[in-house]
Amino acid sequence: MGKRSRKRVGAGERRAVAAGSGPSPAKAGTPPKRVPRTKTGRRIDERPKPLWHPWPLTEIAIGLGVVFFLFGFLRGADRGSVYIGVGVLMATAGVIELCAREHFSGFKSHTLLLAFLPVVALHTVIRLWITDAYEGPLSLLADMAIFAALAMLLLDRYRKARPRKGR
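Following this note's numbering, the numbering of the sequence shown begins with 111 at its first residue and continues without gaps.
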């Protein structure tokens, strides 16, 4: 004769069995439902809603951006460069909106991304449209200084917006 397996009894069921009443049939096999939380302790379903809440415009912008990018990529470098550019801009706009909404409401910190994107945009504008001489270690140092200043400001803004765990 082999060993018999026993069903493990939880602490709540032990107390109920010890008190003389068994576990209720509705709760006998269902574990309690866990709601995912962020690092700050807020529930995922507390995510800040945009002004256009019932419509998923952010997700649509990101999805269309990916579609335009892939379409331009499949067309080739000569004929698809405009589609690639439009796709990248649409997807980036959707990501920036989502990250900024979560960051400035104190839901989740996106400090590095929100500090990095303006530096990239500024560097691109200066390099492509103002001067070709904006390169090398000095331009990197200027970009790093702007990035650090933006990161400190954004982190301070997030900390002020974040709810305290004691409240």
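The beta carbon of each residue, even a glycine, is placed where N, CA and C say it ideally should be.
None of these values were measured; they are calculated from a predicted model.
Comparing alpha-carbon positions, the option among 239, 237, 206 and 273 lying closest to residue 160 turns out to be 206.
Using a C-beta cut-off of 8 Å, the stretch 183–201 makes no contact with the stretch 210–218, since fewer than three inter-stretch Cβ pairs fall below that distance. For the set 143, 174, 255 and 209, the Cα lying nearest the Cα of residue 193 is the one of 174.
Counted as a single uninterrupted DSSP element, the stretch harbouring residue 161 is not any alpha helix (DSSP H), since DSSP gives it neither H nor E.
With distances taken between CA atoms, residue 267 lies nearest to 225 out of 225, 169, 144 and 166.
In this structure, the alpha-carbon of residue 242 lies about 14 Å from that of residue 250.
Beta-carbon to beta-carbon, residue 210 and residue 172 are separated by about 14 Å, too far to satisfy the 8 Å threshold. Out of 244, 227 and 271, the CA that lies nearest to the CA of residue 260 is found in 227. Counting only unbroken stretches of 3 or more residues, no beta strand (DSSP E) element lies wholly within the stretch 184–263.
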